[in-house]
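Just so we're aligned, residue 917 is where the sequence shown starts under this note's numbering, counting upward by one.
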Amino acid sequence: MHSNVWHQCLQRLERELSSQQFNTWIRPLQVVEDDGDLKLYAPNRFVLDWINDQYLERITEILDFVTNGAPPKLSAEVGSKPSTPDPQITHNIPSLTTSNSQSIPSFIHPSQLNPAFTFDTYVEGKSNHFARAASVQIAENPGQAYNPLFIYGGVGLGKTHLMHAVGNLIQKAKPNAKVAYLHAERFVADMV
């Protein structure tokens, strides 16, 4: 029923957004159409949250417009479209890369976490009590509390220690979680 709807939505979004916005947030989405419903799959929680906060309302408006007021039911989740072939109509957003390119693993670098930096070895004082408490909340509830958290302070006050402690506690509680500690330059180089 809506086999062409997502394609029309993509064309409209590509015209409305900058190429950087489109390539960063919209292109990574995978879409499955099933019985007139559209299911968006985001590669990770960060992209999903950004889509929900910044673009979902506009996507819904475009779908409403291109279907003359009868838009498909829209849902979004983290993951990738099911790999089992179904008689459903499926669409991938076209890739800009050539066909001989190799897929990139989700994390190219090992986590780089220092196992010695934990909350147990962190020296807590009046000046860093709140930062430690917020960091513990993040480690115990990843992606929910204080998202994002900005830690600011002078040299030697434990900012790096806290970041490593968060990552180490998440890895301990959820061994299959993907945790990476990267410098900002490396993050930008890998993501852009």
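Just so it is clear, CB atoms sit at the ideal spot from N, CA and C, and this is done for glycine as well.
Beta-carbon proximity of residue i to residue j, cut-off 8 Å
i	j	result
Arg-961	Gly-1059	yes
Ile-978	Arg-928	yes
Pro-987	Thr-976	yes
Asn-1030	Gly-1074	no
Bridge partner(s) assigned by DSSP for residue i
i	result
Glu-930	Paired residues: none, contrary to the question.
Lys-1094	Answer by DSSP bridge pairing: none, since Lys-1094 is not bridged.
Val-955	The residue you asked about is not Val; residue 955 is Lys in the sequence shown. Bridge partners of Lys-955: Val-948, Ser-991.
Classification of residue i by the beta-carbon crowding that lies within 10 angstroms, buried from 16 upward
i	result
Tyr-971	buried
Lys-955	buried
Ser-1019	Note that Ser-1019 scores 45 on pLDDT, short of 50, meaning its location in the model is unreliable and no value can be drawn from it.
Ala-1093	exposed
Phe-1033	buried
His-1099	exposed
Glu-949	buried
Trp-922	buried
Ser-996	exposed
task: Kindly confirm or deny that the region 1073-1090 and the region 1043-1055 touch, where touching means at least three C-beta pairs closer than 8 Å.
output: yes
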